[in-house]
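Asker: Numbering (UniProt numbering), first residue to last: 1 to 407.
Glycine residues also receive a C-beta, built at the ideal position from the N, C-alpha and C atoms.
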């Protein structure tokens, strides 16, 4: 895949009304700062923003007026009871901007429309045995009209771009996913970013899928967000992401915290890789060996039909691997928390989190300040939401490190 500036199609989808957002281009630093604060803290009045940022009241007033005129902020009800004029909190406008997120997985592809608040407005999904570039592009071309059908003409003009969350170097996993070598080799040569830009007429940004899921937790996640955390995501293969000082850390190639190859001891004491211990493909292999069908694991995430012993053994194995990976990370970085999420039922996520905490605290932690082991908050939607968060971050958030790399 190419590097450099994002690619915009020379053949925009005029019939769909997609030309990129008609708002005032890339927001300046102070506008991004205000939008980021309102996103993080909810409704804020001008006086609150001036106090937090150190900007003058006049500067804040000009910024808020511009953001309101562009439809990105909405006025709340005046708050009375204080001395002087009542304060008027400003909130993000859900219809202020829209974003497309494309999750390309090893067993399925999802196209999702997300509003400015991170709420899913529409989604389409296709299941396959393995990913091929032409299948993904055809899926986007056929699904896009239906996904944006609920938007009016003005709202379509507010779609700011498409983010793509996908595993990097898909051709490296031919044997593990049982795909034809020729189809997987196509990923090595295809310019998927340019092809999707040609189909949509929008800026397209590409990011590693697990990194995108981590970014979704940072931008759209609920509950307290630690400033430094390691993130594990269970998909066909386990992946990860890293947040340092409140920013998504991408690394030189955009593949930082690609936790799958991390060496961890197996239950037999022999060294193995985390990808073998804590991936859904490992569970699927155990099920197939026992005569239990496993396809449904990848087709839906709400209910898994797995015999109790196979599931428990896999969760123990996964927790053991995650505990050792956490110990290694905590030895190198002062992380506050580890978040565990994935394409799985919420009760299984909770149990893996509990077992990982227990496994970590059974290890020798001398000299280590162990991080809190927590559940993620977005579950199966994390990768698609993370994809949509890439163009949102690129245009509207203060953290430029969260923008997608063209990898």
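(1) For the alpha helix (DSSP H) containing residue 153, name the first residue and the last one.
(2) Find the nearest neighbour of residue 255 within the set 60, 242 and 367, judged by alpha-carbon distance.
(3) Can you tell me which of the three DSSP states residue 257 falls into?
(4) Which term fits residue 412, buried or exposed, when burial requires 16 or more other beta carbons within 10 angstroms of its beta carbon?
(5) For residue 92, which residues of its own chain have a beta-carbon under 8 Å away from its beta-carbon, when the five flanking residues on both sides are left out?
(6) Tell me the rounded alpha-carbon separation between residue 446 and residue 187.
(7) Let's test the definition: count the other Cβ atoms within 10 Å of the Cβ of residue 410 and tell me whether it reaches 16, buried, or not, exposed.
(8) Indicate whether the contact test is met: 3 or more Cβ pairs, each with one atom in the stretch 202 to 214 and one in the stretch 156 to 167, closer than 8 Å.
(9) Is the distance from the Cβ of residue 246 to the Cβ of residue 259 below 8 Å?
(10) Please state whether the Cβ-Cβ distance between residue 102 and residue 131 is less than 8 Å.
(11) Restricting to Cα atoms, I'd like to know which of 97, 200 and 172 is closest to residue 138.
(12) I'd like the list of long-range same chain contacts for residue 327, defined as Cβ closer than 6 Å, with 5 residues on each side in sequence excluded.
(13) Which class does residue 103 belong to by DSSP, given the choice of helix, strand or coil?
(14) Applying the criterion that 16 or more other CB atoms from any shown protein chain within 10 Å of the CB defines a buried residue, is residue 224 buried or exposed?
(15) For my contact list, residue 336 and residue 227 are in at a C-beta cut-off of 8 Å; report their separation, rounded to the angstrom.
(16) By Cβ distance below 8 Å, which residues in the same chain neighbour residue 414 in space, the five residues on each side in sequence not counted?
(17) Does residue 388 come out as helix, strand or coil in the three-state DSSP assignment?
(18) For residue 340 versus residue 376, is the C-beta distance shorter than 8 Å?
(19) Under the assumption that residue 89 contacts residue 157 (Cβ atoms under 8 Å), give the Cβ distance between them as a whole number of angstroms.
(20) Ignore the nearest five residues each way along the sequence and tell me which others in residue 147's own chain have a CB closer than 6 Å to its CB.
Answerer: Taking the structure as given:
(1) 153 to 156
(2) 242
(3) coil
(4) Outside the shown range of the chain, which is 1 to 407, sits residue 412, and nothing can be said about it.
(5) 35, 38, 39, 72, 73, 74, 116 and 117
(6) Summary: the structure shown does not reach residue 446, with the chain confined to residues 1 through 407, and so no result is reported for it.
(7) With the chain covering 1 to 407 only, the question about residue 410 has no answer from this structure.
(8) yes
(9) no
(10) no
(11) 200
(12) 363
(13) strand
(14) exposed
(15) 7 Å
(16) A query on residue 414 cannot be resolved here, the shown segment of the chain reaching from 1 to 407 and no further.
(17) helix
(18) yes
(19) Not quite, the Cβ-Cβ distance comes to about 27 Å (not below 8 Å), so this is no contact.
(20) 111, 113, 122 and 124
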